[in-house]
Amino acid sequence: MRVQITVVAIAVMLVGGKNPEALADLQPSTQDGASGIVTPEATIQIEGGYAKYGDYIGVSLGDSQTLEISQKIVKNIQIRFINDKGLPIKGRTQKDFIIGLLRLKPGQLFREDLLQADLQRLRRLESFNQVNVYSKEDGSSVNILYAIKERSFPSLILGGGNNDDVGLYGRVGYKDENVSGLNDKLDTVLQFSTKDVQFDGQFTSRYRSEEPNRLGYSVRGFRNRNTSGTFNEDIRLANGDKVREGRFGGSVALLRAFDEWDTSVALNYTRISLRDGEYNVVQVDRLGSPLSVSGTGIDDLFTVSFAVSRDQRDRRDNPTQGSILTFSTEQAIPIGLGNISSNRLRGDYIQYFPVSWIGNGKPTDNPEMLAINLQIGTTIGDFPPADAFNIGGIDSVRGYGYGKVASGRSYGLASVEYRFPIFQSIGGVVFTDFASDFGSSETVLGEPGVLRDKPGSGFGYGLGLRLNSPFGLIRGDLGISDQGEVRFEVTTGQRF
Numbered sequence: 102m103r104v105q106i107t108v109v110a111i112a113v114m115l116v117g118g119k120n121p122e123a124l125a126d127l128q129p130s131t132q133d134g135a136s137g138i139v140t141p142e143a144t145i146q147i148e149g150g151y152a153k154y155g156d157y158i159g160v161s162l163g164d165s166q167t168l169e170i171s172q173k174i175v176k177n178i179q180i181r182f183i184n185d186k187g188l189p190i191k192g193r194t195q196k197d198f199i200i201g202l203l204r205l206k207p208g209q210l211f212r213e214d215l216l217q218a219d220l221q222r223l224r225r226l227e228s229f230n231q232v233n234v235y236s237k238e239d240g241s242s243v244n245i246l247y248a249i250k251e252r253s254f255p256s257l258i259l260g261g262g263n264n265d266d267v268g269l270y271g272r273v274g275y276k277d278e279n280v281s282g283l284n285d286k287l288d289t290v291l292q293f294s295t296k297d298v299q300f301d302g303q304f305t306s307r308y309r310s311e312e313p314n315r316l317g318y319s320v321r322g323f324r325n326r327n328t329s330g331t332f333n334e335d336i337r338l339a340n341g342d343k344v345r346e347g348r349f350g351g352s353v354a355l356l357r358a359f360d361e362w363d364t365s366v367a368l369n370y371t372r373i374s375l376r377d378g379e380y381n382v383v384q385v386d387r388l389g390s391p392l393s394v395s396g397t398g399i400d401d402l403f404t405v406s407f408a409v410s411r412d413q414r415d416r417r418d419n420p421t422q423g424s425i426l427t428f429s430t431e432q433a434i435p436i437g438l439g440n441i442s443s444n445r446l447r448g449d450y451i452q453y454f455p456v457s458w459i460g461n462g463k464p465t466d467n468p469e470m471l472a473i474n475l476q477i478g479t480t481i482g483d484f485p486p487a488d489a490f491n492i493g494g495i496d497s498v499r500g501y502g503y504g505k506v507a508s509g510r511s512y513g514l515a516s517v518e519y520r521f522p523i524f525q526s527i528g529g530v531v532f533t534d535f536a537s538d539f540g541s542s543e544t545v546l547g548e549p550g551v552l553r554d555k556p557g558s559g560f561g562y563g564l565g566l567r568l569n570s571p572f573g574l575i576r577g578d579l580g581i582s583d584q585g586e587v588r589f590e591v592t593t594g595q596r597f
């Protein structure tokens, strides 16, 4: 039995702040906005004359009260930003932007389904930590109040670690999910060591349903390097070094939503280079197998990609129920080194089922649920072996090292997690993962997976802990593979 421990250390310092300030009531807005979402059934509680809509409130109005309020006109919609104590503060998000997202407008008949849909739409914004909505009757009309707690953005991310390629490194990142108060996103990371400087930066201006003639867009640039998951240490270079894999490039994408479907079309460029420990370009491994399509150790990938997704989760961050379905295709254009022409197809489906097997139904940062992830993908045509589907690792089959299951032309992956609360901010996970390359490793240039005796399919299971900290969600998973390997790895964010 082999036991391996991998830890990624990350610290976060918040540089954003909130300035307490009493808010006056907003005037009614008549801006139009539309966005589709399937929502769970609303629950309502009477508090101080208001009906509150939320996930964990269970007192419902009677049929006569529901009928009475549904025949009233929406008079006023107010937006109120609050802090952790529920006190009014000045928010970063533009209120006109929020009002524009709502389907239920002043002057319309009050409809509970539209109110609940608007609530879930706002909860899916990554810049908000908590959203509740209240409705109050006022004679023949209804007033609506949204109470919103924003996330603490922008944030400065400080971290570091150690890896097989560059050794000790430091990392500085800057993240803002609410640029200009419009839910635009800026995410940058700079990693530095004595051997190299790497970066990854992306700005996204999301599509806004209230401005249907305006397309969203995203711009990204990156440069990174690491030991190769395809050409791992089982077969090294002639000089005994592990194969290093460097990538740099960028992309420009246009974003658009159609009802419940989000779409993107992008132009992408990536240069993939294979190198030794001194970062010199290499062409073959110790056995003489090619490392690139061009034969030079460097391949260029110019691609046009199209992706479509349907997001029905109740919220994007730490969802409690719902699903997300994504399909993508990426066509390589034969330009540059390697003259590569291929098409990469992928599908990804995630479903969250709320359950109450051991919990008491009380609010928690780690709600009890069953989560399922199914993935499938294939590449048609020639492609760089470094761009094979590498199966195994903390984000695929836990218990295996990265790329230790297979490096294939095609793959399928199934993961199941049972998540449950332990304390308010600590949760537990029981998981199992299975993946296969469907025998496609033999069709990859140079057969790197076959020569390195990768099994082609693998199974893993284990236990994990989830800690909701001021630095974000910290994940620790103890995985056991069907080969008897035991690995404990710590990183950030849920597996899916």
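In our numbering, the protein residues as written are 102 to 597. Beta carbons are placed, not taken as given, at the ideal position from N, Cα and C, and that holds for glycine.
Per DSSP, the unbroken beta strand (DSSP E) holding residue 358 starts and ends at 345-359. The beta carbon of residue 542 is closer than 7 angstroms to those of 507, 508, 509, 548, 550, 551, 555 and 557 in its chain, skipping five residues each way along the sequence.
Taking every protein chain shown into account, the CB of residue 381 has fewer than 16 other CB atoms within 10 angstroms, so this residue is exposed. Its chain contains 277, 280 and 304 as the residues whose beta carbon lies nearer than 6 angstroms to that of residue 287, once the 5 sequence neighbours on both sides are disregarded; these appear in chain order. Cβ contact annotation for residue 501 (same chain, cutoff 7 angstroms, sequence separation greater than five): 493, 494, 559, 561, 582 and 586, in chain order. Note that the segment 526-533 does not touch the segment 477-496; fewer than 3 beta-carbon pairs, one per stretch, sit closer than 8 angstroms. In this structure the segment 305-325 does not touch the segment 238-257; the number of beta carbon pairs closer than 8 angstroms is below three. Residue 226 is not a Cβ neighbour of residue 235, given a cutoff of 8 angstroms. Rounded to whole angstroms, the Cβ separation of residue 467 and residue 528 is 3 angstroms, and the two are in contact under 8 angstroms. Around the CB of residue 414, 16 or more other CB atoms lie within 10 Å, so the residue is classed as buried. Only residues of its own chain outside the window of five on either side were considered, and among them 377 have a CB closer than 7 angstroms to the CB of residue 340, listed in chain order. In the three-state reduction of the DSSP assignment, residue 534 falls in the strand class. Under the Cβ criterion (8 angstroms, minimum of three pairs), the segment 308-315 counts as touching the segment 196-212.
For residue 551, the secondary structure class from DSSP, reduced to helix, strand or coil, is helix. Between residue 450 and residue 420 a beta carbon distance of about 14 angstroms is seen, past the 8 angstroms cut, so the two are scored as non-contacting. Of 242, 294, 259 and 185, the smallest CA-CA separation from residue 267 is found for 294. Under a 10 Å Cβ-count criterion, residue 211 is classified as buried, with 16 or more other Cβ atoms of the shown protein chains found around its own Cβ. The alpha-carbon of residue 580 is positioned some 27 angstroms away from that of residue 272.
Under the DSSP assignment, residue 487 falls outside any beta strand (DSSP E); it carries neither an H nor an E label. Taking a contact as a CB-CB distance under 8 angstroms, the pair residue 328 and residue 418 does not count as one, their CB atoms being some 31 angstroms apart. Contact between the segment 388-401 and the segment 352-362 is not established, with fewer than three Cβ pairs separated by less than 8 angstroms. By the neighbour-count criterion, in which a residue is buried when 16 or more other Cβ atoms sit within 10 angstroms of its Cβ, residue 464 is exposed. If only complete runs of 3 or more residues are kept, the segment 168-252 shows the beta strand (DSSP E) at 174-183, 189-191, 229-239 and 242-251, in order along the chain. Boundaries of the beta strand (DSSP E) around residue 277: 268-280.
Counting along the chain, residue 399 sits inside the beta strand (DSSP E) bounded by residues 399-412. Taking all protein chains in view, the Cβ of residue 379 is surrounded by fewer than 16 other Cβ atoms within 10 Å, so the residue is classified as exposed. Of the residues assessed, residue 180 falls on the buried side of the cut-off, its CB having 16 or more other CB atoms within 10 angstroms. By a beta-carbon distance limit of 8 angstroms, residue 578 contacts residue 499. Their separation comes to about 5 angstroms.
For residue 469, no beta strand (DSSP E) segment is defined, and its DSSP state is neither H nor E. Beta-carbon to beta-carbon, residue 474 and residue 597 are separated by about 4 angstroms, close enough to satisfy the 8 angstroms threshold. Separation of the CB atoms of residue 371 and residue 350 is rounded to 4 angstroms, and the pair is thereby assigned contact status at 8 angstroms.
For residue 187, the closest alpha carbon among the candidates 248, 515, 402 and 400 is that of 248. DSSP places residue 543 in the helix class (H, G or I) of the three-state scheme.
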